[in-house]
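S.K.:
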Amino acid sequence: MDMEYSLILFRSDLRLIDNPAIHEAVKNSLKIIPVFIYDGENLGAASKLWLKHSLASLNESLKDYGSELLIHSYKSNEKLLEFIKTINDKFQIKEIFWNRRYEPKNIEKDTELKKLLNENAFQTKSFCGNLLIEPWEIFNKQGKPYQVYTSYWKQYHEYLLTDFKDRAIPCEYSLNSESFISIKEIKSIQSESISDLNLITEHQWEEKCEKYISAGEKNALAKLNKFSSETKAVLNYGSKRDLPSIQGTSQLSPHLHFGEISPRQIWTEVNKLESPLKVDYLKQIIWREFAHYLLYHFPHTENEPLKADFKRFNWEDCSKPETAELLKVWQKGLTGFPIVDAGMRELWETGWMHNRVRMIVASFLVKDLRIHWLEGANWFNDTLFDADLANNIMGWQWVAGSGADASPYFRIFNPERQSEKFDPDASYIRKWVPELAKLSNKYIHAPEKAPSGFLRAANIELGKDYPLPMVDHALAREIALNEFKKLKDKATST
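What follows is the structure in structure tokens.
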């Protein structure tokens, strides 16, 4: 009997375990030709750096089975079709499998690709590999997409316990050296290498950032095991998730972003615990699903506010040099607000930022500085390892007040109070803003309030060793509230 082959297109699902596309190939006794399709259109510099290591990890895993990864840089579906045809000339491909993506541009590309392949006599099948429930499978009682998370969570959780309970169970299959084509066969196909993708960026973050990268499926599973089983830190998630000085979160977001681990694997592992405290973390998994759900149903939110009224909001103009300079000061972590600066410096150094601090720095940008949330979203997209488009957009629109289930615009985080509440002993600030390390807890959250003697004792000259606050928060808050009132008044009058 002649060997039958399947082509697996890897994109944002860089794992061999619980991969529905692979499961389908194994189930049908098809030998797998693994191909990574690189489309760097929306990838920021930090994501590219993580991807470099993630691909290397996936390649090593394939070598364990005597195979390697074929790589193709995406330019168009027509070029991809040509590449697939060259593979088909050597190995008669029976079916082509991939796991679905949900970003607007990727949906368009994949829909077109499936049509093009089918027209050229290739059989294709796509799967739900990166979410628990598809965005088009759940609606409110009026048959419309949910826009409030609490209602969405209740319905979603109920579905996962009843109609869609099988969706939360990882695929089970075994792999061996016969599952994939051999390295020798891979070498017979002209392909690119990881280095050909030019994933090292002009920022030259490699030296300082690489020590924070733990890419790959094995590292993802190890993190999940430690978080849920070894330390059971997941049970303290609700009480510690907002404290940036400790590791109270799973830090699985980059792994989910690149599909090195699936939400099914996380959901199943966490649900093994009997404690009701696990729900606090499970809600975050569903919050991620909600982000993809919203972007799918409201694709315009990638660049525009969900709430149309916010199109009229009076943002500062970043084309003006003075506003552009304010943005740069925020990006560099030199605002004069220690908790904001700590977060921005952590981001630049490590490619990651604690979630509570993400909200604080975002509020500062869009409300204290009144700079458009897209500027912040673009910066996060370039500097975060876990820069998932759906999560990033939802998070920024939540803070700006323009999205679904959004924080009301009049909720403006006070950096000093947030700092005192969530970093009371200033451990986080001292780590990332070391020039303030000698200040007491009483003054470190707002150094400008410290008596001159305390500043001298801490070897700090404000404006020289550490900047004075770039804005008066109380005044900035009043201006922002006034602009919001104008927005409401316009909405009422129309």
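Going by our numbering, the sequence shown opens with residue 30, and the numbers climb by one from there.
Virtual Cβ for every residue (Gly too), placed ideally from N, Cα, C.
#1: Roughly how many whole angstroms lie between the Cα atoms of leucine 43 and isoleucine 62?
#2: Helix, strand or coil, according to DSSP, for leucine 516 in the structure here?
#3: Going straight from the alpha carbon of tyrosine 131 to that of lysine 493, what length do you get?
#4: Measuring straight from C-alpha to C-alpha, what distance separates asparagine 135 and methionine 32?
#5: Less than 8 Å between the CB atoms is what I'm expecting for isoleucine 162 and arginine 196, so what's the real figure, rounded?
#6: Give me the Cβ distance between alanine 15 and asparagine 420, rounded to the nearest whole Å; I'm assuming they're in contact under 8 Å.
#7: Put methionine 30 into one of helix, strand or coil per three-state DSSP.
#8: In this structure, does DSSP put histidine 383 in helix, strand or coil?
#9: Could you please give the first and the last residue of the uninterrupted beta strand (DSSP E) stretch that includes proline 63?
#10: For glycine 365 versus arginine 387, is the C-beta distance shorter than 9 Å?
#11: For glycine 39, which beta-bridge partners are listed by DSSP?
#12: Can you tell me the Cα-Cα spacing of glycine 424 and isoleucine 223, whole angstroms?
#13: Suppose the cutoff is 8 Å on Cβ atoms and the five residues either side in sequence are ignored; what does the same chain contact list for methionine 30 look like?
#14: Mind listing, in chain order, the continuous alpha helix (DSSP H) runs of no fewer than 4 residues lying wholly within the segment 336-380?
#15: State yes or no: is the C-beta of isoleucine 473 within less than 9 Å of the C-beta of alanine 455?
#16: Identify, in the order they occur along the chain, each residue of the same chain with its Cβ nearer than 8 Å to the Cβ of isoleucine 242, setting aside the five sequence neighbours on each side.
#17: Apart from the five residues just before and just after leucine 306, which ones in its own chain have a Cβ nearer than 7 Å to its Cβ?
#18: Within the chosen definition, does the segment 103-120 reach the segment 301-318 through at least 3 CB pairs nearer than 8 Å?
#19: Taking the Cβ atom as the reference point for each residue, do asparagine 248 and glutamate 298 lie within a distance shorter than 9 Å?
#20: Taking the alpha carbon of valine 308 as the point to measure from, which residue in Lys92, Trp182, Lys138, Thr115 has its own alpha carbon closest?
M.R.: Taking the coordinates as given:
#1: Walking along the sequence shown from the start, residue 43 turns up at place 14. Walking along the sequence shown from the start, residue 62 turns up at place 33. Each residue's Cα considered, the two are about 14 Å apart.
#2: Taking the sequence shown and counting its residues from 1, the one referred to as residue 516 is at position 487. It is helical.
#3: Taking the first residue of the sequence shown as 1, we reach residue 131 at position 102. Taking the first residue of the sequence shown as 1, we reach residue 493 at position 464. Roughly 47 Å between the two C-alpha positions.
#4: Here residue 135 is taken as the residue at index 106 of the sequence shown, counted from 1. Here residue 32 is taken as the residue at index 3 of the sequence shown, counted from 1. When rounded, the distance between both Cα atoms is 32 Å.
#5: Here residue 162 refers to the residue found at position 133 when the sequence shown is read from its first residue. Here residue 196 refers to the residue found at position 167 when the sequence shown is read from its first residue. The pair is a contact, with the Cβ atoms about 6 Å apart (cut-off 8 Å).
#6: Since the first residue shown for the chain is 30 and the last is 523, residue 15 is missing from the structure and cannot be characterised.
#7: Stepping through the sequence shown from its first residue, residue 30 is reached at position 1. Note that methionine 30 scores 47 on pLDDT, short of 50, meaning its location in the model is unreliable; the coordinates nonetheless yield the value given after this. The answer is coil: DSSP assigns methionine 30 none of H, G, I, E or B.
#8: Against the sequence shown, residue 383 aligns to sequence position 354. Coil.
#9: On the sequence shown, residue 63 is found 34 positions in, with the first residue counted as 1. Where proline 63 is concerned, the enclosing beta strand (DSSP E) stretches over 60-67.
#10: Sequence index remark: in the sequence shown, residue 365 carries index 336 (1-based). Sequence index remark: in the sequence shown, residue 387 carries index 358 (1-based). Against a cut-off of 9 Å, the Cβ pair of arginine 387 and glycine 365 comes out as no contact.
#11: Taking the first residue of the sequence shown as 1, we reach residue 39 at position 10. The sequence as given places phenylalanine at residue 39; glycine does not occur at that position. The partner list for phenylalanine 39 (beta bridge, DSSP) reads Phe65.
#12: Working through the sequence shown from its first residue, we reach residue 424 at position 395. Working through the sequence shown from its first residue, we reach residue 223 at position 194. If you take the alpha carbons of glycine 424 and isoleucine 223, they lie about 32 Å apart.
#13: Numbered from 1 along the sequence shown, position 1 holds the residue referred to as residue 30. Because methionine 30 carries a pLDDT of 47, less than 50, the predicted location of this residue cannot be relied on, and no value is offered for it.
#14: Listed in chain order, they are 350-361, 367-379.
#15: Residue 473 sits at position 444 when you count from the first residue of the sequence shown. Residue 455 sits at position 426 when you count from the first residue of the sequence shown. Result yes, Cβ atoms of isoleucine 473 and alanine 455 sit closer than 9 Å.
#16: Along the sequence shown, read from residue 1 onward, the residue named residue 242 stands at position 213. So the list reads Leu78, Trp79, His82, Gly380, Phe414, once near-sequence residues are dropped.
#17: Along the sequence shown, one-based indexing puts residue 306 at 277. So the list reads Leu264, Gly267, once near-sequence residues are dropped.
#18: no
#19: In the sequence shown, residue 248 corresponds to position 219, counting from 1. In the sequence shown, residue 298 corresponds to position 269, counting from 1. No; because the gap between Cβ atoms is not below 9 Å, this pair is not in contact.
#20: Along the sequence shown, read from residue 1 onward, the residue named residue 308 stands at position 279. The candidate whose alpha carbon is nearest that of valine 308 is Trp182.
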